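The listed protein sequences derive, respectively, from chains A and B. For the first sequence, the working numbering begins at 1 and goes up steadily by one. For the second sequence, the working numbering begins at 1 and goes up steadily by one. The structure appears right after this line, and notes come after that.
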Amino acid sequence: MELTPEEQSILGGGRGEAARRAIEYQIEVGRFWGAKRFVPVTNVHMMGDIEVMGDAGLEFLANEVRQSARCVVPTTTNARCIDFAHCERLGQDAGEANKERQLIAALRRMDVITTDTCINYQTAYQPHLGEHVAWGDTGTVIYANSVFGARSNFEAGPAALAAAITGRTPAYGFHLPENRRGSFTVELKAELADLADWGAVGKLVGESHQSYYAVPVFHGYRRTPTADELKHLGAALASYGSMAMFHFVGVTPEAPSIGAAMGGVSAFERMVVSDSDLESVYKNCKLGDGDARLVVFSGPQQSLFEMKSLGALFEGRKISAGTTCIVTTNSAILRQSRDLGYAQALEAAGVTILEGVCFYILQNLSPMREKNRWTNMVSNSAKIVNIIGAHRFNTILRRTADCVEIACSGMLK
Amino acid sequence: MIQVSRAFGPVVEGEAVVSEEGFSPRYDLDRWTGVITKPGHKLEGTSIVDKICFFPTAKGGIAAGWAFYDIKWKKIAPKAFIFGVTNPVMVQGAIFAGIPITEGWQPHPRGVVKTGDWVRVDPANRRIEILPRP
Numbered sequence: 001m002e003l004t005p006e007e008q009s010i011l012g013g014g015r016g017e018a019a020r021r022a023i024e025y026q027i028e029v030g031r032f033w034g035a036k037r038f039v040p041v042t043n044v045h046m047m048g049d050i051e052v053m054g055d056a057g058l059e060f061l062a063n064e065v066r067q068s069a070r071c072v073v074p075t076t077t078n079a080r081c082i083d084f085a086h087c088e089r090l091g092q093d094a095g096e097a098n099k100e101r102q103l104i105a106a107l108r109r110m111d112v113i114t115t116d117t118c119i120n121y122q123t124a125y126q127p128h129l130g131e132h133v134a135w136g137d138t139g140t141v142i143y144a145n146s147v148f149g150a151r152s153n154f155e156a157g158p159a160a161l162a163a164a165i166t167g168r169t170p171a172y173g174f175h176l177p178e179n180r181r182g183s184f185t186v187e188l189k190a191e192l193a194d195l196a197d198w199g200a201v202g203k204l205v206g207e208s209h210q211s212y213y214a215v216p217v218f219h220g221y222r223r224t225p226t227a228d229e230l231k232h233l234g235a236a237l238a239s240y241g242s243m244a245m246f247h248f249v250g251v252t253p254e255a256p257s258i259g260a261a262m263g264g265v266s267a268f269e270r271m272v273v274s275d276s277d278l279e280s281v282y283k284n285c286k287l288g289d290g291d292a293r294l295v296v297f298s299g300p301q302q303s304l305f306e307m308k309s310l311g312a313l314f315e316g317r318k319i320s321a322g323t324t325c326i327v328t329t330n331s332a333i334l335r336q337s338r339d340l341g342y343a344q345a346l347e348a349a350g351v352t353i354l355e356g357v358c359f360y361i362l363q364n365l366s367p368m369r370e371k372n373r374w375t376n377m378v379s380n381s382a383k384i385v386n387i388i389g390a391h392r393f394n395t396i397l398r399r400t401a402d403c404v405e406i407a408c409s410g411m412l413k
Numbered sequence: 001m002i003q004v005s006r007a008f009g010p011v012v013e014g015e016a017v018v019s020e021e022g023f024s025p026r027y028d029l030d031r032w033t034g035v036i037t038k039p040g041h042k043l044e045g046t047s048i049v050d051k052i053c054f055f056p057t058a059k060g061g062i063a064a065g066w067a068f069y070d071i072k073w074k075k076i077a078p079k080a081f082i083f084g085v086t087n088p089v090m091v092q093g094a095i096f097a098g099i100p101i102t103e104g105w106q107p108h109p110r111g112v113v114k115t116g117d118w119v120r121v122d123p124a125n126r127r128i129e130i131l132p133r134p
């Protein structure tokens, strides 16, 4: 890689040992991908919590603090694994909660802004067209690349932290214009009336085209999609397809037309998604033993609009005895939801609202599943339905109102 | 012999585990035992500890970055990851943890290497060899 004088200075230890190790690591990653140079980044979003980092990661962070590591660009954190207000009731481990507190303290000493959200793009920072950032949580990356036209690769926790410390990232993947062209088209003939439908589209398109460098170009949809709809679409594409970018003709900034999005290429695969395709996604969810005692609205965290919508659906209702219904969001949205009464409507129905976490990364989730004898998990998020598999849940995707009905009736359908 | 397109890490030898399905350490793996536990995964019940793992694709998952470091520290990491197509997270995570990783293969491992074979991964020369069992 070609290094600027500043980068050579960092590599020579001019900014301290933590920065030297960070850039050395970034050079190794850049070399793997054939990056020729670094690009400066303006914003970093990193994943870092005790469930994913473990004792090894905590020790790594403690060492970073000892070596005076500091973020040189604004750096926020992704959803974490413990909501301290609920951890005892959920049966989470007190020792791990203490480690989580140490971990948060270490991040703050490095000047990390612990927002604890996977919807930073809806609440914390909205990069502009062409802006280079280093974000982690795949859902945040695909939203940044696609909807904002910003430029980021998937940056794992250590890679994002390295970018925060050096203020740059290797220029490969979606930082380069040639990788941002569409690779196939998807005509949306389906109505897509519910957020779960958008996630189901992401599943259909992602599962059949698994590749980081596959960039679907959506077209033919007759309405302007909302931010939450694009969020569920992107999160599912990233989850099922490992994809980091999509275009949506007439909606996303690099897709004024199919031709522009495809970069002038005229021979490409054309996919169509219809209502019957979506119905097959729902129909193909196996109901297992029929257990309907866990309904989750999470992955990604709920926006203010989703909180409002859920509040209205649960208003005046009660979840079924023995059922657990969990909603996760971030602290800013929860505060607004309380001010506006949405949170109270949910809690009056018996819904548990968790703050700053995502359900699938909750510390101790497998033992929690066993203790509660949960076998199925019902959700309107195609992403979480996909990613929770290692915890041995059978997962069932349902539309939002159907999820609410299942939570209140205790009956699967 | 298999040629790979990109590679990182020192030379390693070990027993191959060949998967027809992609992989994520978050979606598919029990990170306390090193066993693939996702129901229905084609390698469900298989341990990847100390193995040289062939996966056609990588699945989602930013958390792989820390997960690889975590499983290496717990001594349940594989010896190497051999991907047909991977994503940056897997590479960032493997490099951070010091686990050899490669991407791209010629020819396709199907028909060349099977689970249980003894293989040698030589990242510097972008080469994987099938050896007689020691």
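Using N, Cα and C, we set each Cβ at its ideal position, and we do this for glycine too. Here the structure is a predicted model, which is why all the values come from computation and not from measurement.
Which word fits residue i, buried or exposed, when buried means at least 16 other C-beta atoms lie within 10 angstroms of its C-beta?
| i | result |
| --- | --- |
| A/His128 | exposed |
| B/Asp122 | buried |
| A/Val265 | exposed |
| A/Ser257 | exposed |
| B/His108 | exposed |
| B/Leu131 | exposed |
| A/Pro170 | buried |
| B/Trp32 | exposed |
| A/Ile250 | Here residue 250 of chain A is Gly; the residue named in the question, Ile, does not match the sequence. It is exposed - the Cβ of A/Gly250 has fewer than 16 other Cβ atoms within 10 Å. |
| A/Gln344 | exposed |
Check whether the Cβ atoms of residue i and residue j lie closer than 7 angstroms to each other.
| i | j | result |
| --- | --- | --- |
| B/Asp70 | A/Gly54 | yes |
| A/Asn364 | A/Gln92 | yes |
| A/Ala97 | A/Cys87 | yes |
| B/Ala64 | B/Met90 | yes |
| B/Val49 | B/Gly34 | yes |
| B/Ala58 | B/Thr37 | no |
| A/Leu230 | A/Val147 | yes |
| A/Gly202 | A/Met46 | no |
| A/Ala19 | A/Thr166 | yes |
| A/Asp228 | A/Glu306 | yes |
| B/Ile2 | B/Trp105 | yes |
| A/Val272 | A/His247 | no |
At the 7 angstroms Cβ level, is residue i part of the contact set with chain B, yes or no?
| i | result |
| --- | --- |
| A/Val73 | no |
| A/Ile50 | no |
| A/Ala367 | Position check: residue 367 of chain A holds Pro in this sequence, whereas Ala was assumed. No, because no Cβ of chain B sits closer than 7 angstroms to the Cβ of A/Pro367. |
| A/Pro127 | no |
| A/Pro225 | no |
| A/Ala345 | no |
| A/Gly157 | yes |
Of all Cβ atoms in chain A, is any one closer than 7 angstroms to the Cβ of residue i?
| i | result |
| --- | --- |
| B/Gln3 | no |
| B/Ile136 | In the structure as shown, chain B begins at 1 and stops at 134. Residue 136 of chain B is therefore absent and cannot be evaluated. |
| B/Pro88 | yes |
| B/Asp70 | yes |
| B/Val91 | yes |
| B/Trp73 | yes |
Using the beta-carbon of each residue, which ones in chain A are nearer than 8 angstroms to residue i?
| i | result |
| --- | --- |
| B/Asn125 | Near B/Asn125 there are no residues of chain A at all, since even the closest Cβ is about 15 angstroms away, more than 8 angstroms. |
| B/Ile95 | Tyr25, Glu28, Val29, Phe32 |
| B/Phe54 | Within chain A, no residue comes near B/Phe54; the closest Cβ sits about 16 angstroms away, beyond 8 angstroms. |
So with CB distances below 8 angstroms, who are the chain B contacts of residue i?
| i | result |
| --- | --- |
| A/Ser211 | Thr57, Val85 |
| A/Ala321 | The contacting residues do not exist; A/Ala321 stays about 28 angstroms from chain B at best. |
| A/Gly173 | Pro88 |
Which chain A residues are close to residue i, counting only those with a beta carbon under 9 angstroms from its beta carbon?
| i | result |
| --- | --- |
| B/Phe8 | Glu28, Val29, Arg31, Phe32 |
| B/Gly22 | Gln210, Ser242 |
| B/Arg26 | Val52, Tyr360, Ile361, Ile387, Ala390 |
What does residue i touch in chain B if you count any residue whose Cβ is under 7 angstroms from its own?
| i | result |
| --- | --- |
| A/Arg392 | Thr37, Pro39 |
| A/Asp137 | Ile62 |
| A/Phe154 | Ile62, Asn87, Pro88, Val89 |
| A/Ala56 | Tyr69, Asp70, Trp73 |
Please list the partners that residue i has in chain A, where partner means a Cβ-to-Cβ separation under 7 angstroms.
| i | result |
| --- | --- |
| B/Ala67 | Val52 |
| B/Gly98 | Neighbours of B/Gly98 on chain A: none; closest Cβ ~10 angstroms, over 7 angstroms. |
| B/Asp30 | Ala390 |
Compare the C-beta of residue i against all C-beta atoms of chain D and say whether one is closer than 7 angstroms.
| i | result |
| --- | --- |
| A/Gly389 | Absence of chain D from the displayed structure is noted, the protein chains being A and B. |
For a contact meaning CB atoms closer than 9 angstroms, what does residue i contact in chain B?
| i | result |
| --- | --- |
| A/Met47 | Ile62, Ala63, Gly65, Trp66 |
Got a sec: does the ligand GTP put a non-hydrogen atom nearer than 6 angstroms to the Cβ of residue i?
| i | result |
| --- | --- |
| A/Asp93 | As far as ligands go, the structure on display features none, and thus does not contain the ligand GTP. |
Does the contact criterion of 3 or more C-beta pairs under 8 angstroms hold for the stretch 170-177 of chain A versus the stretch 197-207 of chain A? No, the stretch 170-177 of chain A is not in contact with the stretch 197-207 of chain A.
Whether or not the stretch 267-283 of chain A and the stretch 191-201 of chain A are in contact is what I'm after, with contact meaning three or more pairs of Cβ atoms, one per stretch, closer than 8 angstroms; do they touch? Touching, yes.
For the stretch 93-110 of chain A and the stretch 209-224 of chain A, state whether three or more C-beta atom pairs, one from each stretch, are separated by less than 8 angstroms. Touching, no, given that fewer than three Cβ pairs across the two stretches are closer than 8 angstroms.
The stretch 3-17 of chain B / the stretch 94-108 of chain B touching (three or more Cβ pairs under 8 angstroms): Judged by Cβ distances under 8 angstroms, the stretch 3-17 of chain B makes contact with the stretch 94-108 of chain B, as three or more pairs qualify.
Does the stretch 353-362 of chain A come within contact of the stretch 238-252 of chain A, defined as at least 3 CB pairs closer than 8 angstroms? Counting C-beta pairs with one atom in each stretch, the stretch 353-362 of chain A and the stretch 238-252 of chain A have fewer than three that are closer than 8 angstroms, which means they do not touch.
For the pair the stretch 6-17 of chain A and the stretch 393-407 of chain A, tell me if three or more CB-CB distances fall below 8 angstroms. Contact between the stretch 6-17 of chain A and the stretch 393-407 of chain A is absent, because fewer than three Cβ pairs lie under 8 angstroms.
Is it true that the stretch 320-337 of chain A meets the stretch 56-71 of chain A, where meeting means three or more beta-carbon pairs spaced less than 8 angstroms apart? No: the two stretches stay apart, fewer than three of their Cβ pairs being nearer than 8 angstroms.
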